Structures are given as C-alpha cells and as structure tokens.
Amino acid sequence: MAKNLVIVESPSKAKTIGKFLGKNYKVKASVGHLRDLPKSKLGIDVEDNFNPNYITIRGKGDIIKELKKEAKKADHVYLATDPDREGEAISWHLAEILKLDPSDNIRIVFNEITKNAITNAKKNPRSINQDLVDAQQARRILDRLVGYKISPLLWRKIEKGLSAGRVQSVAVKLIYDREKEIENFVPEEYWTIDGEFGEKKTLEAKFAGELNDSRVKKISISSREEADKLLEVLRGKDYGVIEKITNKKTKKSPPPPFTTSSLQQDANRQLNFSTKKTMMIAQQLYEGVELEDQGTTGLITYIRTDSYRISDEAKKEAAEYLEESYGKDYVNISRVFKTKKKTDIQDAHEAIRPSTVYNHPDRIKESLTNDQYKLYRLIWKRFLASCMESAEFENLTILINVEGYAFRYSGKRTLFDGYMKVLPSKDKIDEFPELEQGKDIKIKKILEKQNFTNPPARYNEASLVKTMEELGIGRPSTYAPTVSTILNRGYVVKNEGVFNITEIGEIVTELLIEHFSSIINDKFTADLENKLDEVESGSFRWQEVIEGFYKEFEKALALADKNIEKIEIEEEITDIECEKCGSKMVVKKGRFGKFLACPNYPECKNTKPYDAETGEAKVSDVDCDKCGARMVIKKGRYGEFLACPNYPECKNTKQIEKTIDVKCPKCGGDILEKRTKKGRKFYGCSNYPECDFTAWNEPVNEKCPVCGGLQVKKKTRDGEVIVCTNENCEK
1 MAKNLVIVES PSKAKTIGKF LGKNYKVKAS VGHLRDLPKS KLGIDVEDNF
51 NPNYITIRGK GDIIKELKKE AKKADHVYLA TDPDREGEAI SWHLAEILKL
101 DPSDNIRIVF NEITKNAITN AKKNPRSINQ DLVDAQQARR ILDRLVGYKI
151 SPLLWRKIEK GLSAGRVQSV AVKLIYDREK EIENFVPEEY WTIDGEFGEK
201 KTLEAKFAGE LNDSRVKKIS ISSREEADKL LEVLRGKDYG VIEKITNKKT
251 KKSPPPPFTT SSLQQDANRQ LNFSTKKTMM IAQQLYEGVE LEDQGTTGLI
301 TYIRTDSYRI SDEAKKEAAE YLEESYGKDY VNISRVFKTK KKTDIQDAHE
351 AIRPSTVYNH PDRIKESLTN DQYKLYRLIW KRFLASCMES AEFENLTILI
401 NVEGYAFRYS GKRTLFDGYM KVLPSKDKID EFPELEQGKD IKIKKILEKQ
451 NFTNPPARYN EASLVKTMEE LGIGRPSTYA PTVSTILNRG YVVKNEGVFN
501 ITEIGEIVTE LLIEHFSSII NDKFTADLEN KLDEVESGSF RWQEVIEGFY
551 KEFEKALALA DKNIEKIEIE EEITDIECEK CGSKMVVKKG RFGKFLACPN
601 YPECKNTKPY DAETGEAKVS DVDCDKCGAR MVIKKGRYGE FLACPNYPEC
651 KNTKQIEKTI DVKCPKCGGD ILEKRTKKGR KFYGCSNYPE CDFTAWNEPV
701 NEKCPVCGGL QVKKKTRDGE VIVCTNENCE K
C-alpha cells in the first residue's frame, strides 16, 4: 500500500510524476479547481470584509470522495499543484476539503517535470503560502465584483447576454481606441527617391538630403512639385561622387529565452497559433509526452512566467551541448537579460526552456504531433540561442554626392554568426561593393515614388498581448483567456488575422467609457495588478485592495444605473418570409456575424444565413449530396462554408472551394483555395486525391523566368513578393 499521496491538477501530469516517485507514492489528480464562487449569485459578502462563499463545483463530488478516501489511507498527503497563485489556491482548497493543516509541510513545488526536479521537490516540502493564496483570492473577488455588478446593468440597459470584466473590457477598449485612431487618420503625402549606381555590379541607395561638409541635412519631399524640382537636378548628371565610406563593426545580442507573453507573440507570428492554442500545446509539453526511449517525459519548464532567469544547471548543460556542437567560441552563459518589471514577484519561475537541451526537436519529432514539434522547436532554439555569443557584423555606409545632394547606401555582412548558428537572422546580408572614396560612380537610374502615411495597424493576437504586457494589464496566466473571452462574447471579431470591433462591442465600450472611465482604463487596471503583487509579497492585505476598489466602484455603479437610459437596438425587419410560419424574418447578430431569425422565437426557431450586401439569404448553386436540397452559405469560425438548409434533419456541410485561375504544375488541373480542419488557408489541386499538389502560399500565373518553375506570393516585412518554389533555383 502506498504510504504517500501526491495530488496534482491533471491526469497527464499525474502519469508523468508517478513514474519518478516509486511504489511508496500514489499520484491522483484533482482535475483543476474543486471549489469556486457560486455561478448563480455574487458569492461575496460585501458587508462582512468581502468574505467569499466557496462551494463545491458541480460534477466534482466523485473526485472529492475519491481524494478523501485515498487521503484517509495515506500516512502523508502532499499537494503538488502548479507553482503559481492559481496552483497555490488549488492546494489551499484541497487542504480545506481534506482537513489538512496548511501550516504543515504538505506543499511541494517544481518548475519542470523531470526526475531531478521531482526528487528535490519531495525532499523539500513547505507549508502553503497564504500570501500567494490571498493574491489569487483578491483577483478572483475583484473580477467577480466587476463582472457580476456591471453585467446585469448591461442586461437592463442594452440586452441580455452581455458582460463586462476588469481585464477583458480594457482589452476591448484597446481595440476600440485603435479603430477610432484609424477612422480619424488623415494620410499625408510624401515622396521617396532611390538611385541605382555602378556599372556591372550595382548598388541601390536612398535619397537622404542635402550635403554640407559631408554632413547630411534631411529634406522631406511632400509633393510632386518638390519631387520634380529635385529630379530636374538629379537626372541631369551621368555620374555622382563617392563622398564618404564608413565601416563600423557592430554586435547583435541574442534574444532572451521565452516568457509567456513572448512565446504567445512568436507562436502567433511564426506559427500562426492563437494564444489559446499556444498555451494548450505548451501545457502538453510541460505535463509530459510519451517518448519512445524515455517514457512519459516533461519537455519544457513551467509555462506561466514573466522572468528571463535560467537556473545554473540549465546554463551549464547548454554550455556543454554548445561546445560539443559548435565549439567554445559560440558559448556565452554569463549574459543577464534585464526585464522591465518593477518588482521581482513574477521572477519566482525560470523562463520557458527545454527540460534538457539533449532532447533535440528532430530526435524526438516522431513522438510529437506536428504542432507540438513546431512549438517545442521554437522554445528549444530560442533558449539555446540565449546561451550563445553575440553575432558580429561589419556595417558599410556609402554617401554618394549628386550635385550637392546625398544618396545613402547601407549594407551589412556577417563577421561571426554567433547565436545565428541556431537562430538565423532575417536581416538582409550583403556582399560589399569595392569602391574608393573620392571616385566617380555611374548613375544608372533615378526613380521616384509617391507614398502616403499609413494609419496604425489593427491589433492581431501578438500585438494585443504585447500591448497588454507593456501596459501591465493582466499577467501571464490571463492573456490567452482574455483574448478568448472577448472573441466569444462577440465584442470583437477576427478578420484576416486582425481584430475588428463589432457594433455591440462599440456600444458596450462607449457606455463603459462614459460611466466607468475611472475603472475601465489601462492605468487603473495596471495599478490593481501591482497591488496584487504587493499582496503576494505580504506587504498588503487583500481586503484592503478590495475595499479601496469597491468604494469608488459602488458610487460609479449607482450613478450609472441612475443616468443610463435604456438603449434600444432595433431589429432590422426583412422582406424574407419564414417558410415555417410565414412571418417576416429579422436580422440578428451572433458570434459569427449576422443571420436571419424568425421573430416568433421560441415558438418558431427557424434561422437562415444572411448576406449583408444583398439583404437576402445566401443560397449557393450546390445541391446537398445527402438530401438534394440547395445548400446555403453560412459563416463559421474559419469563414464561410456550405450547409444543408434542412438542419438538424440533415447535417451535411462542405467547404467552399475557390478557383484561383492557376493550373496545377503536376497535372494541369485547376488549383483551388481550401482550408484545413483548423481553418488555415492552403492551395491544392482539384484532382485530389489522384494529384497531391499543395502549397501554403498562393500560386501565381507566371512561371519563374529563371527555371520555369511555379511561383507563389509570399509576405515579408517589406510587403508581398513573388518567389520561386524551386529550392535549387538561383532567382
């Protein structure tokens, strides 16, 4: 019989840990929280020091019964939930349920699920950290007060089903504010002039301004007239003079290892992962994956962290691996990455790194799903690069004098690749031209271009998380759920990867700005986060934080209830008749946009898709291959799709496949625009499965001028370019 019981949150984590603990330990899972505030009421006594009323979460009764039974049989019970506020709170609730003394050494923590980490953790149990628990309680109570006090107000004044949140409403406000910036943006005209210089080997230089003793005075060109005036002078010469050549050596340090925020941002940018997907896959890698030669193994350290800190053991192992693989010159484990945090509260955990660098991504690839491999590879490379020497470059700047005006060429070449051996740079690396100061240089072309300033870009998931982190809105554990919440509530939608505010999102945000501006703003939210950190450090009582917030909040709430008039959102009545009851259908808003609904709901529950441009139901020319009905076009999470109108009797659906007017390079069939099950766009042959041609980037109808191969559109930092798909092509 096992003498020790260890309780963790998840079954997969229990499986991984059980492998390291031996026969004297039994590992069970609580499957997340067991107690929480009730859903049906506020659950907080605002008159009695904000005491929370915790109840057992519905459906958790059998788990609690099983844990009590196992705890009764065990000599010692250890609580091994996650090493953060949330995990500490789960352990505290477990101690209450199992009648354990929280001051006893019942808590064990570890940053990674490896044999050494688990062995060391079980040797060093501690008591439950009440400050951590209180910080989590304060956050939970704050969020409950905002959500359960403002949401009913929104129901009364606007419509049912709306909600507000301390963090989510500020995130929506960021998107709302950006939309207003874009609406109010007035583009400004400006012109750029580029020159192409040289004979056989040419270099491209940009117009920089007026020369004065080898110094450049910048000139802004804001109209066609100004551009033409300069071009009249510049185009009158066949040669310019090389005014000045400057060589300078520079170093570029590697990026720091990943924090929660930077991992979410890079996974979104490089892998097109949502924040929710990133955290789900990272959790799998942390809790353990079945490897062929090692069994269930935790591959990365804990995934919710603000810290760049790396343990000495991990640095030493990285140094050994790098020296074996690349040589001593590439190793630098003495570098300290500085964070912008004001406190060290979130420095309790290491940065996100591999549990061991010897689990090379390609070595364990067969044991991972494709998404697990991609994310693990991203983490592995970033960590290893952070332990490497800086890359060294030679920067070359050439000033070319054309009739007293300067053109500037800037080039860069690598002297030592350093960390780029593992994490290649996207910077353009040039071959330097051999030129001599004071010599003439041939002017081949002078090209002008009209430009207009662009409005600020809309937020995507990466930039929204980055802004939230910079402003101090939320913490590592809150970024992904916040993004999911604002999408699920219908306050924002994602189009082409960026967030757009919806009509209802605008209405709610404007109401909150007008009546709760002192609370629903980034500074107030960030200040509250800092106070929660102070609760965690033991320098603030959690009740003081709630009390300071609630006094102002209660006044704002009362005034808003008194001053806000009922906002009527009129239903748009169409000429389309409901085929079930004959009523004129109305336009409703749903999670994925507008749809048609019968006004006699709930007696008649008929709905139809709706085309906002034509004001009619969208009907395709495709027949359902199951019942023969003409399929309709619906809008879902990943865009439009075909669905049978006889749902729920017939549940047939199909992808909408668009032809892009490019022939398949393998068989000559049509190339179609398709989507994967996860919604990612790709291009495939219409003759599939006979022809297996696919491409992630959109093919174009022009063959490569060098090799005759297929070309595709590819997005870069400088815009869209056409590239050849033939890896051996020299284009």
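The UniProt record's numbering numbers the first residue of the sequence shown as 1 and each following residue consecutively. Glycine residues also receive a C-beta, built at the ideal position from the N, C-alpha and C atoms. From a predicted model like this one, the values you see are computed outputs, not experimental measurements.
Between the alpha carbons of K714 and N726 lies a gap of roughly 14 Å. E657 is the residue among Y321, E657 and E431 whose C-alpha sits nearest the C-alpha of S686. In its chain, beyond the 5 residues on either side, Y190 have a beta carbon closer than 8 Å to the beta carbon of S220.
Inclusion of K445 and D430 in the CB contact set at 8 Å is not warranted, their separation being larger than that value. Here S410 is bridged, per DSSP, to T397. Looking at the DSSP output, Y25 sits in a beta bridge with N4.
When the alpha-carbon of R269 is set against those of S463, E649, M631 and A406, the nearest one is in S463. In this structure, the alpha-carbon of G61 lies about 15 Å from that of K28. In this structure, K588 is the residue among K562, I567, E568 and K588 with its C-alpha nearest to the C-alpha of T574.
Contact fails between the segment 503 to 521 and the segment 285 to 296, because fewer than three Cβ pairs, one in each stretch, are under 8 Å apart. Between N401 and R166, the alpha-carbon positions lie close to 58 Å from each other. By alpha-carbon distance to S537, the top candidate from V133, K39 and V6 is V133. Just so you know, the alpha carbons of G240 and I520 end up roughly 59 Å apart. Per DSSP, the unbroken alpha helix (DSSP H) holding E181 starts and ends at Q168 to N184. Residue pairing by DSSP leaves F110 without any beta bridge partner.
Secondary structure at Q372: helix, using DSSP grouped into helix, strand and coil. Less than 8 Å divides the Cβ of R304 from the Cβ of P476. Between the segment 374 to 390 and the segment 406 to 424, the count of C-beta pairs closer than 8 Å reaches three or more; the two stretches touch. Boundaries of the beta strand (DSSP E) around Q655: T653 to Q655. Shown here, N488 sits in a helix according to DSSP, grouped into three states. The count of Cβ pairs closer than 8 Å, one atom from the segment 34 to 54 and one from the segment 142 to 149, reaches three, so the stretches are in contact. Here Q136 is buried, its C-beta having at least 16 other C-beta atoms within 10 Å. Secondary structure remark: continuous beta strand (DSSP E) runs of at least 3 residues inside the segment 417 to 469, in chain order: 440 to 452.
From the listed residues V498, L710 and P433, the smallest Cα separation to S410 is found for P433. For F549, the uninterrupted alpha helix (DSSP H) run begins and ends at W542 to N563, by DSSP.
Selection K149, Y148, W92 and D177 evaluated against I128 yields W92 as nearest (Cα-Cα).
Bounds of the alpha helix (DSSP H) holding W92 are R85 to I97.
Just measuring C-alpha positions, the residue of Y148, L37, K160 and T525 sitting nearest K566 is K160. As a beta-bridge residue in DSSP terms, K251 pairs with E392.
Beta-bridge analysis with DSSP links H76 to N4.
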